[in-house]
Each structure stands twice: as structure tokens, then as C-alpha cells.
Amino acid sequence: MNNRYFYPMISSNKKGVQILVEQCIANGLKHIVFSPGSRNAPFIVAFDEHPDVDCRVIHDERSAAFYAMGMAQQLNEPVGIICTSGSAALNYYPAVAEAYYQCIPLVVITADRPTEWVDQGDGQTIVQHEVYKNHIRYSCTLMEDTVHADDAWFIEREIATAFNFANGNWKGPIHLNMSFREPLYGKMEIQPQVGKVIQTVRPTFQLSETQTAELKEIWNSSPKKMVVCGQLPIDTELQRQIIALAKDSSVAILVENTSNLLDNLLIHCIDRTLNAVSESEMEAYAPDLLITLGGAVVSKRIKAYLRKYKAKHMWKVGFDFPYMDTYQSLSHTFECAPEDFVTIVNGSEFSKNGSDFGLKWKHKDLQVQQKLAAFFEQIDYSDIKVFHSLLSYLPPKSQLHMANSSVVRYCQLFDPIQGMHYWSNRGTSGIDGSTSTACGAASVDMPAWNTLITGDISFFYDSNALWNNFLTPNLRIVLINNGGGGIFKIIPGPNSTHQLENYFVAQHSFSAEYICKAFNVDYCQAKSIEEIEHQMDSFFDNPSVGRPKLIEIFTPGSTNHEALEEFFEKMK
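Position 175 of the sequence shown, counting from 1, maps to 174 under numbering that gives the first Met the number 0, and the rest follow consecutively.
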């Protein structure tokens, strides 16, 4: 037992807050990101005085929530965010939704006004009870004090239950809301107590004889098997099992770099490879049995393809969203860890039937790879040429954070780098918190390199990410500035309207230079491949000292989409 339990310490004088703090710590909460306020003063006093909690302060609640999510992503443990009452809590919502769909244990703690004053014209008072109810794993509203012994039991039980949802097999954000009456700043000495933990016993996943026989029959009678892997955390055991499965020539395994799975037997660039499948070959490359692992898939092409050429059987594997039917073919759902499922189908009962379906996909992938060097030698300066050059300079064994829209799509066109870990906010696919998430991740991953590649709209939208005292020298930001939302020249539809430039691309002439000066971030810029390459050595110099760095790369917004179209045409 920690010695802290044997001496008095300062805390809030509100008993409910004292219990909440000990419950959070007992259930694994070690890091909290506060945003300043008055109604949350009892939380500020209690957590800041506690010796076992790392507290940080970030003013902008939207940025603070994404920053904490980035920390939780890297630590693989709960991280808390705490704010005052009113609209402050609503500013957390984009990150709460992202954490919900990425299954990240974000602990949202909000200070509320007294219930009787809701909707009565009192300042900073809104309906906070279950405010995130559509995107939360568990929520509860707690009392600030304990009048009856059952009140303390209720607070302990609710928080222990909430953390079991945050930390369970299906992880995700939880919301603890507590109403406070004034005075708010009272303090007292307390003797800390050990919080309550409810142990959840989860049985080992296994199939019955009948279930095994049914699945074996489907597996063995399906000559065309495809595994599609979406966003996943780093998992060495799953990597090992996936590589073993890829040796079955009847299995094509399609992965995106956000799956963090890498091997020469896998199809890493789905759009690039699928683009090379001719119209007459489409049906031959479609699976009989489709198996999906992980979260969101970036590729719209593979979604459209597999919805058109539906598999006879589709098996979804994973604890989260067990009935998500992305490809409109769901026949079985397996609520288990992906590595446990792949271990089963790698077993001797599931035969290798000699089909060359997986080999055909890999052959198509290799054909495209052979065309890449010639294409990039002749293509003009553009976004896609910048990505080709830039990715070769990223430090090995580092973290790459990809902003949404065009950035994450461009990255999927290039084979993953050995030792690189890939991250992107693909839960809701919004542009609103990419920089904040990367800042939070870098702060707990010192001194490893953390590189964010972002577009101009994403960066300017989230520029408050740099407004905090916790930026670390291992953070590098690559800003591709093409003067607007280039994604709208890539996707079908906007190009056919008169409103393309003003309303979709939303052209601008802004630069990040003075934003960097305002927040003391080292800045440089480039307008050609030669200028980029000339600065890469100094850009990635030392992740342990100095300030974060940003390089702003200007590209021709008017022609980037033409270079991408030429890429897909040449890769056919």
C-alpha cells in the first residue's frame, strides 16, 4: 500500500468529490487535463493536491479533450478531462464522439449547477445530465455531499461501474457529472481511503463443437476468402497470427496503414490495388467469405466494391459495435479479440483449400508497385509528389499522425514504413482535433518522434492546439498548404457545381508563420521538392531538446487533383 494512505492531505471539503477522486485513482486514472473555470473548483483543488495524479491545464475545451484523447491513445489507459459548467461541456463533444467510435477510454468529468436551477435563467446552466448520451459508454450524475451512508455507496458503485465500461473489452468514453452549490473553494485535511474496484471476470473465448463445425463448413467451402482490417492499435500477437493466415493462398488480406499490420504478404494499399482490377475482373476478385477486423476503413472504393459484389458470408470480429454491417453482408458476429479469432481459423480444422485467390490479389498489388518509380520520376510538383518524397524522410520507429480529408487518403497510397505506427482520427473522420490529438500523444511519448502531417484547413481549424504549456520537442508538424480544401477537387460532386472554389474548397491565402511565432513553434517553409529535401536533416534533428517544429509546404491547389487522377490512370 502506498504511504500516502497514512498521512492527512488537502482536498475539497465536499465529500462527494473526495470519494470521486479516490474512485478514479483506484480504477486507473493517473492523468487529467483541466480547463479553467470556477464551478469545477472542487475538482481542481482535490485532484491537484493529490500526489498520484498528473494534472495539466489547457484553456480551450475542444482542444483539451482531443489532447487528452491523444494521451489515452498512446498510454492505452484512461485519461480524464474536467471542465466548468455550461457550454464548456459541449465543447468536449467532438472528442467524445471520436473516442466513442475509436473505443478510447476518455473520462469526462463535468461540474454542473444545482439541478433545480436548470432552465431557470441562471448563468452557465444547461442540461448536462446525459448530455453525451448518444456517444458514451456510461454516464451518471452524482451528488456533491453524502447525507446518508447509501449516498457514499451510490457514488462508489456508479464510478466503479463506469470505469468497467471505460476499461472493458469494448472500451470507450464515460461521463461523470456532479452538481455543486456555492461555496466552491472550501478545503480540508482528509485521510485518503482506498477506492472501490469491481472486478469483471471475462471468460476465455471458445467455440462449441456445433459452432466449429458450422464455421469450418463455410470456411472450407469458400475458395475466395478476404480479410479487411480497419483501424487497430499495435498488437504483436495479432500481427503474428495475420502473417500466418496470409500464407493460405486462398486468403487475401487487405489492410490500411491505420491497422498497424505490416508484412509483404498483405495488400497494404487498397485503393491503389483495387484501381488495377479491370471491370471484367471485378467479380473474380470479390470474396465468397468476407471477414472484417478493427475499426473504420478509409477506402470508399473498397466499401462501394464490397457492397456491390456482396459476399455470401460476412464475419465481423471484435467486441465493439458487434452488429455494424459496413458491407451489407453480415451473417455472423464474433465478440472476441481479433487475435483469438484468427488463432482459431489458423487451426488445423480450417483447411487450406488450394485456391489462388489471395495470390491473385497479391500479384495485382506487385504489378502496381513496379509502376511507381517511373510515375514519380515524371510527375510535376504536386501534393502526391510531396507525399512520395516526404514519407522517405520520416524517422524510423516513430509515430505518424495523419489528419483527415486528403492527408489520410494520400498516405494510404504508399506502402507502410517498417517500424512506423500510424494514427488518425477516423472514428468520426472530422478535421477538428487532429493537431491537438498529436500534441497530446507526443507529450506522453517522449523522446520518440511524433510527426503530424496535416492539411491547411485542418491546421487552421485546430490552431489552438498550440496554445498550451505542454508542447514537447519531439513533435514535428508538416503542413501541406494548397490554399483550401483540396479534398473537394478529389471527391466526385463538388467539381460539377459553380460553388466549388468559394463554398467547398473555400480558397484562402493564409500562412501558419505568425501562428507559429505566437506560440513559439520553430517555423520553416518550402515550395519545391528540392527545398523540402534540403531542410529535412535539420527538421528532424533532435527529439529531446528545443521546441516543436513546423514546416509549411506550399503546393499548387489548382492542379493537385490532376496529378492524383494521372496517378490512378497510370496505375491501372
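Where a beta carbon is used, it is the ideal one built from N, C-alpha and C, also for glycine.
- Nearest neighbour of LEU273 by Cα position, chosen from GLU208, SER405, GLN411 and VAL107, turns out to be GLN411.
- Per DSSP, the beta bridge partners of ASN176 are THR109 and THR140.
- By the Cβ test, the region 104-111 is in contact with the region 166-175, since at least three Cβ pairs between them sit closer than 8 Å.
- Check the Cα spacing between GLU529 and each of SER381, ASN481, ILE241 and SER277: the tightest is with SER381.
- Annotated three-state conformation of MET187 is strand, per DSSP.
- A straight line joining the alpha-carbon of MET177 with that of ASP144 spans about 10 Å.
- Within the region 392-479, the complete beta strand (DSSP E) segments of 3 residues or longer fall at 398-401, 420-422 and 449-454, listed in chain order.
- If you draw a straight line from the Cα of THR124 to the Cα of VAL504, it comes to about 38 Å.
- CA-CA distance, PHE487 to LYS384, rounds to 19 Å.
- Per DSSP, the unbroken alpha helix (DSSP H) holding GLY15 starts and ends at 14-25.
- Restricting attention to CYS335, GLY483, TYR513 and GLU512, the CA atom closest to the CA of GLN506 is found in GLY483.
- Minimum Cα-Cα distance from SER350 among the listed residues ASP431, SER221 and HIS267 corresponds to SER221.
- Per the C-alpha coordinates, the member of ILE217, LEU358 and ILE242 positioned closest to CYS228 is ILE242.
- Residue pairing for ALA525: DSSP places it in a beta bridge opposite ILE552.
- Straight-line measurement puts the Cα of SER298 at about 16 Å from the Cα of PRO415.
- Annotation: the continuous beta strand (DSSP E) that includes LYS315 extends over 312-316.
- Here LYS516 is exposed. Its C-beta has fewer than 16 other C-beta atoms within 10 Å.
- One thing to note: TRP466 has its Cβ no nearer than 9 Å to the Cβ of ASP53.
- Residue state for GLY79 is assigned as strand, using DSSP reduced to three classes.
- Taking one beta carbon from each stretch, the region 448-459 and the region 13-27 have fewer than 3 pairs nearer than 8 Å; the two do not touch.
- The beta carbon of VAL477 sits closer than 6 Å to the beta carbons of ILE452 and ILE550 from its chain, once the five residues preceding and following it are set aside; these are given in chain order.
- Remark: C-beta atoms of SER86 and GLY36 do not approach each other more closely than 9 Å.
- Residue environment: ILE233 is assigned as exposed (fewer than 16 neighbouring CB atoms within 10 Å of its CB, all protein chains considered).
- For GLU181, the closest alpha carbon among the candidates CYS438, HIS331, ALA40 and ALA525 is that of ALA40.
- If you look at THR332, you'll find it in the beta strand (DSSP E) that goes 331-333.
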